[in-house]
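**Q**
Residue numbers (mature numbering (1 follows the signal peptide of the UniProt record, and there is no 0)): -20 to -1, 1 to 755.
#1: I think residue 232 touches residue 353, with their Cβ atoms under 8 Å apart; what is that distance to the nearest whole Å?
#2: Specify the secondary structure class of residue 738 as computed by DSSP and reduced to three states.
#3: May I ask you to report which of helix, strand or coil DSSP gives residue 230?
#4: In this structure, does DSSP put residue 106 in helix, strand or coil?
#5: Over the uninterrupted alpha helix (DSSP H) stretch that includes residue 45, give me the two end residues.
#6: Measure the C-alpha to C-alpha separation of residue 587 and residue 625 and round it to an integer number of angstroms.
#7: Among 220, 316, 603, 623, whose alpha-carbon lies nearest the alpha-carbon of residue 632?
#8: Taking only the alpha-carbon atoms, compute the straight-line gap between residue 591 and residue 559 and give it to the nearest angstrom.
#9: Could you give the distance in angstroms between the alpha-carbon of residue 363 and the alpha-carbon of residue 328?
#10: Exposed or buried, residue 261, counting other C-beta atoms within 10 Å across all chains shown (16 or more means buried)?
#11: In angstroms, rounded to a whole number, what distance separates the CA positions of residue 174 and residue 670?
#12: Apart from the five residues on each side of it in sequence, which residues of its chain come closer than 7 Å, Cβ to Cβ, to residue 180?
#13: Give me the residue from 403, 201, 399 with the minimum Cα distance to residue 380.
#14: Just the Cα atoms here: how many angstroms apart are residue 725 and residue 21?
#15: At the level of alpha carbons, what is the spacing between residue 457 and residue 318?
#16: Can you tell me which of the three DSSP states residue 63 falls into?
#17: For my contact list, residue 766 and residue 469 are in at a C-beta cut-off of 8 Å; report their separation, rounded to the angstrom.
#18: Give me, in chain order, the residues of the same chain whose beta-carbon lies closer than 6 Å to that of residue 512; leave out the 5 immediate sequence neighbours on both sides.
#19: Measure the C-alpha to C-alpha separation of residue 158 and residue 190 and round it to an integer number of angstroms.
#20: Please give the ranges of any beta strand (DSSP E) in the stretch 682 to 728, keeping only runs that are unbroken, at least 3 residues long and fully inside the region.
#21: In the DSSP output, what is residue 436 paired with across the bridge?
#22: Can you give me the Cβ contacts of residue 629 inside the same chain, cut-off strictly under 6 Å, excluding the 5 residues immediately before and after it?
#23: Measuring alpha carbon to alpha carbon, tell me which residue in 248, 619, 499, 400 is nearest residue 700.
#24: Would you mind working out which of 126, 290, 557 sits nearest residue 53, comparing C-alpha positions?
#25: In or out: residue 291 buried (at least 16 other Cβ within 10 Å) or exposed?
#26: Assign residue 388 to buried or exposed, taking buried as 16 or more other Cβ atoms, counted over all protein chains shown, within 10 Å of its Cβ.
#27: Label residue 652 either buried or exposed according to how many other C-beta atoms from any shown protein chain fall within 10 Å of its C-beta, with 16 as the threshold for buried.
#28: Which residues bound the beta strand (DSSP E) around residue 81?
#29: If you count every other CB in all the chains shown that lies within 10 Å of the CB of residue 694, and 16 or more means buried, which is it?
#30: Go ahead and pull the three-state DSSP assignment for residue 116.
#31: For the stretch 394 to 409 against the stretch 188 to 206, are there 3 or more C-beta pairs whose distance is under 8 Å?
#32: Does the distance from the CB of residue 106 to the CB of residue 19 come in under 8 Å?
#33: I think residue 334 touches residue 237, with their Cβ atoms under 8 Å apart; what is that distance to the nearest whole Å?
#34: Would you kindly report the start and end of the unbroken beta strand (DSSP E) that includes residue 535?
#35: Could you tell me which of 606, 550, 593, 556 sits nearest to residue 576, measuring between CA atoms?
#36: Closer than 8 Å is the cut-off here; do at least three beta carbon pairs connect the stretch 127 to 135 with the stretch 158 to 168?
This is how it looks when you write it as structure tokens:
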């Protein structure tokens, strides 16, 4: 049997403690000896990671106090205080299990006052709440702006892979892609993305394999990084490279070196642009925060002075009303002004430098891939809600500059965002873009983009290197008497490009200049939509009018559509859920009527492995029909999909097609090989969850967190949960209320929610123990 102390044994333990050790009932001696568990240790406000803890009925002892000292940041203390802290963490600490909140907010729970070190063992969360001497934390002055990698993680090779196939009697297509990260240290890894495609059309086939990225990265502290290898723009436009949002600057893929600042470690939960709101309470209290009549949330505090957590507060400038409850009784109300910007502009300079050789995906000659390319950029906040970004790039012997301004302003009724950028090139290229958006209850946006080469405004035969392209898009969405009204407009203009062909072989004729035709497409649409519920069936209604023009023809018309859908949940445990829908759309334009319709039924099984079976039928007028049968399975070995479809067209015969896909991930480390789902994405870290084997069989624990479907593991099983690198992730391990044989699976070690922050190529193993109780 599993020997971990459980609340079920509390009366027995109390009796054991009241008598001499030799009188302990046979078979229960290990309850007093204690055992080692991997538990999450939390300081108020953040997690320190998983640590080995020896748990006894009354006390707990950290088996690696030096590692815990480092994770808490106490190594920066003066030597005398550091030794005091180490000694305190090395001693057995009272469990204080009676002070665990266990999901409620009982007065006095979740806090222990101490002048050294104290702990609360929260068995419902599988966590130890650690409290330290306030002077140590005050002296330390930890910088909460940065996230720290979760301790105890190890280097690993973590790879995500995806395979997709589609084919019919005339053609077949296969696409494979993968993303990998090899950890080389806590802040160093080798990352890359690769792809392979194979296509066959009748008797002709072609294949191709390439690397989009393959680089080594070294993070230097929290602010700087160095990358070397093959790189494209994707890291620059993400927090890994400083969030450079260039829309016009040509940044090609290259083989070389990049250095700059990073926001990968920034703690975005700290709102530096929000007004701090302080509250003082004399006893354990609940504070309800209101914006007018709207309850924004409730927060709980121990006695003392505290700052409200404003993460979830909406942007804007408005007064907050604070209602302070002590022991469930309203004691007072306070009103404080509050302001919060809607943007996430960094308050620190961002910059990058890169250089190397251009790496074209499809090289036409060795010379085309040997050209040098360089780029540099800088980003800074000019004001609280105003940001400047500027970049230079040199490629194909042409120098380009893009300069961009971003602004945001939070009003009491919503957030207004503005952006404008301009492009210039030494070859005469010009471009600009503007964007305006507003959101709060209703939304509005306007976007314009224009780019052109030196020959755009000329009537001669000058070659145009990047074309002449302009687009304008606008949308407005407002609630209207229970309906949602949407107005959309689009205008796209593409001037014809002039291209010179090679001269004749005898050089008697000049090189001809060809010009493609100008194109312009304009469209607008006004629509209304509303959803009704009738006896468990949802009725979606949509109607509107439209106008499309391509310069030669114009199409005016109206449309009307209905969809009925229904969800039926399983009547008993182990059953299946279902989703059914039926829809019809009618469209009348330019004197012609078009009708399309579809029927869909999907059945889902949510047990150990998620399974789905779907049947769909659709038609267009009386000209064409199609049907498909598809399935999906998501489990601890990956995600599998498949669809068999058949379409028929009047006078055109039928066509049968098959599509399928598989995605998964694996991690290889010193602890072994772990396999899981969730393929695709960027280089990742990972959390491996493994359940210890036992005499019992069947389900042992349920794993959930992030975007993953809940997953059930049995005794002796394991799985890999890929975690996005440099992203905070929450994963929960919990009991299973009802197993297939009528028992209850109790997680006796490694339960609760854990928060993890890991760079790519780092793996954390979470060991879980469980047993079965029959009721």
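Note that CB positions come from ideal geometry on N, CA and C, so glycine has one too.
**A** Let me lay it out:
#1: Yes, residue 232 and residue 353 are in contact; Cβ-Cβ is about 6 Å, under 8 Å.
#2: In the structure shown, residue 738 sits in coil (DSSP, three-state: anything other than H, G, I, E or B).
#3: Three-state result, residue 230: coil.
#4: Three-state DSSP puts residue 106 in coil, outside helix and strand.
#5: Where residue 45 is concerned, the enclosing alpha helix (DSSP H) starts and stops at 45 to 51.
#6: One Cα belongs to residue 587, the other to residue 625, and the distance between them is close to 27 Å.
#7: Distances from the alpha-carbon of residue 632 to those of 220, 316, 603, 623 put 603 closest.
#8: Using only the alpha carbons, I get a separation of about 13 Å.
#9: A direct Cα-Cα distance of roughly 12 Å separates residue 363 from residue 328.
#10: Flag for residue 261 reads buried.
#11: Taking the straight line joining both Cα atoms gives about 30 Å.
#12: In its chain, beyond the 5 residues on either side, 151, 152 have a beta carbon closer than 7 Å to the beta carbon of residue 180.
#13: Measuring from the Cα of residue 380, the nearest candidate turns out to be 403.
#14: In this structure, the straight-line span from the alpha carbon of residue 725 to that of residue 21 is close to 24 Å.
#15: The C-alpha of residue 457 lies about 28 Å from the C-alpha of residue 318.
#16: Helix at residue 63.
#17: Since the first residue of the chain shown is -20 and the last is 755, residue 766 is not available in this structure.
#18: Once the five neighbours on either side are set aside, the close Cβ partners of residue 512 are 519.
#19: Each residue's Cα considered, the two are about 11 Å apart.
#20: Listed in chain order, the complete beta strand (DSSP E) runs (minimum 3 residues) inside the stretch 682 to 728 are 688 to 694, 698 to 704, 709 to 714.
#21: When DSSP reads this structure, residue 436 sits in no beta bridge, so it has no partner.
#22: Within its own chain, the residues whose Cβ lies closer than 6 Å to the Cβ of residue 629, once the five positions on either side in sequence are excluded, are 604, listed in chain order.
#23: Ranking the options by Cα distance to residue 700, first place goes to 619.
#24: Considering only 126, 290, 557, the residue with the shortest C-alpha distance to residue 53 is 126.
#25: Around the beta carbon of residue 291, fewer than 16 other beta carbons lie within 10 angstroms, which makes this residue exposed.
#26: Residue 388 is buried by the Cβ-count criterion.
#27: Counting of Cβ neighbours within 10 angstroms places residue 652 among the exposed residues, the total staying below 16.
#28: Taken as a continuous stretch (DSSP letters only), residue 81 belongs to no beta strand (DSSP E), as it is neither H nor E.
#29: Flag for residue 694 reads buried.
#30: Three-state DSSP puts residue 116 in a helix.
#31: By the Cβ test, the stretch 394 to 409 is not in contact with the stretch 188 to 206, since fewer than three Cβ pairs between them sit closer than 8 Å.
#32: Less than 8 Å separates the beta-carbon of residue 106 from that of residue 19.
#33: The Cβ separation is near 7 Å, so the contact holds.
#34: Counting along the chain, the unbroken beta strand (DSSP E) around residue 535 starts and ends at 534 to 548.
#35: With distances taken between Cα atoms, residue 576 lies closest to 606.
#36: Result yes; three or more Cβ-Cβ pairs closer than 8 Å.
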